[in-house]
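Residue numbers (the numbering used here): 5 to 300.
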């Protein structure tokens with residue numbers, strides 16, 4: 005594992021130690037990545053909890069806002085879309101505005117698993133200079149904890165949306181148990197991209213603005229959050245398939261709300277692509293980290 009550290013030489017001077025970069029063949033091994041992250045599982049858990057609490061630090065109700073926030077947001081969505089706007093996400097002509105609001109909210113929660121870590125990634129290393137310069141710290145866990153924290157918050161929102169949907173519909177579909185499997189391709193993709201962006205963010209400081217514009221201006225509208233794939237013309241629909249969040253957002257609604265099977269063929273493609281992206285992202289991050297201290 006290539007990294008920069010400091011040591012005190014015999015003459016009392018502080019010198020930086022920069023080992024030779026680890027071979028690509030070693031870094032690109034899925035087993036090496038898994039065992040490395042597994043060895044830091046306790047630290048990953050600590051940083052994930054810290055990231056979760058960090059969003060509500062200083063408030064009186066603390067983590068309770070993680071539950072109350074999605075509930076209030078869903079109430080607002082329901083009021084707005086039941087009284088002002090019209091839309092359809094289930095493909096049924098008899099879809100109510102309340103159902104549309106719940107489905108839209110669920111889509112936003114799933115998208116948050118992808119968007120939040122991507123937005124944070126370019127500053128993950130840059131914002132922790134002390135960890136880079138003064139101690140030998142497994143910087144790769146920062147992306148993992150960022151993704152897990154986003155998954156925690158989005159899962160709470162999804163749970164709220166699902167419970168309201170069940171109460172409204174009066175039935176529970178067994179396919180809801182497939183939700184974690186449907187989410188997996190998106191999680192792998194965002195973790196791999198987070199490692200890549202975290203490394204690039206050290207050397208390209210404008211990357212944060214570029215990523216924010218990409219996520220908010222392009223990726224958001226290229227994901228079927230507030231519209232159904234069924235209304236997209238066939239010639240344009242294939243473009244949306246190149247977005248890893250398309251089968252994930254659509255699939256979560258299918259298995260959790262409608263009791264239908266997701267687009268397994270597309271999910272499987274992105275599962276493989278996500279695994280490859282994850283391994284490559286980890287390897288690139290580990291190769292680049294040796295130069296972090298010199299730049300920061």
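Where a beta carbon is used, it is the ideal one built from N, C-alpha and C, also for glycine.
query                                                                                                                                  : result
Close Cβ partners of residue 281 (< 6 Å) along its chain, the five nearest in sequence each way excluded                               : 193 and 196
Under 8 Å between C-beta atoms of residue 115 and residue 249                                                                          : yes
Continuous alpha helix (DSSP H) stretch holding residue 30: start and end                                                              : 28 to 31
Cβ contact (3+ pairs, closer than 8 Å) linking the segment 215 to 227 and the segment 116 to 128                                       : yes
Neighbourhood of residue 247 by C-beta, 8 Å cutoff - its chain only, sequence neighbours within 5 removed                              : 223, 226 and 227
Residue 103 in three-state terms, based on DSSP                                                                                        : helix
Residue 164 versus residue 75 - alpha carbon distance                                                                                  : 7 Å
Contacts around residue 183, its chain only, beta-carbon distance under 8 Å, and the 5 residues preceding and following it disregarded : 162, 256, 259 and 260
Rounded straight-line distance, which links the Cα of residue 134 to that of residue 51                                                : 16 Å
Element boundaries [alpha helix (DSSP H), containing residue 249]                                                                      : 249 to 257
Simplified DSSP assignment, three categories, for residue 265                                                                          : coil
Burial state of residue 11, where buried means 16 or more other Cβ atoms lie within 10 Å                                               : Note on residue 11: pLDDT 40, under 50, position unreliable in the model; the coordinate value appears next. By the 10 Å Cβ count, residue 11 comes out exposed.
Identity of the residue in 83, 46, 262 and 200 nearest residue 101 by Cα                                                               : 83
CB of residue 199 within 8 Å of CB of residue 144, strictly                                                                            : yes
Nearest-angstrom Cα separation, counted from residue 189 out to residue 203                                                            : 22 Å
Which listed residue (235, 132, 110 and 201) has its alpha carbon closest to that of residue 167                                       : 110
Burial state of residue 242, where buried means 16 or more other Cβ atoms lie within 10 Å                                              : exposed
Assumed close pair residue 106, residue 169 - CB separation to whole angstroms, cut-off 8 Å                                            : 5 Å
Distance between residue 238 and residue 302 (C-alpha atoms, nearest Å)                                                                : As shown, the chain starts at 5 and ends at 300. That puts residue 302 outside it, with no answer to give.
Local conformation of residue 141 per DSSP, three classes                                                                              : coil
Assigned exposure category for residue 34 - 16 Cβ within 10 Å defines buried                                                           : exposed
Residues of its chain near residue 141, where Cβ-Cβ distance is below 6 Å and the 5 sequence neighbours each way are ignored           : 135
Helix, strand or coil at residue 227 according to DSSP, with G and I counted as helix                                                  : coil
Alpha carbon of residue 158 to alpha carbon of residue 38, nearest angstrom                                                            : 24 Å
From 153, 160, 156 and 130, residue whose alpha carbon lies closest to that of residue 78                                              : 160
CB of residue 108 within 8 Å of CB of residue 186, strictly                                                                            : no
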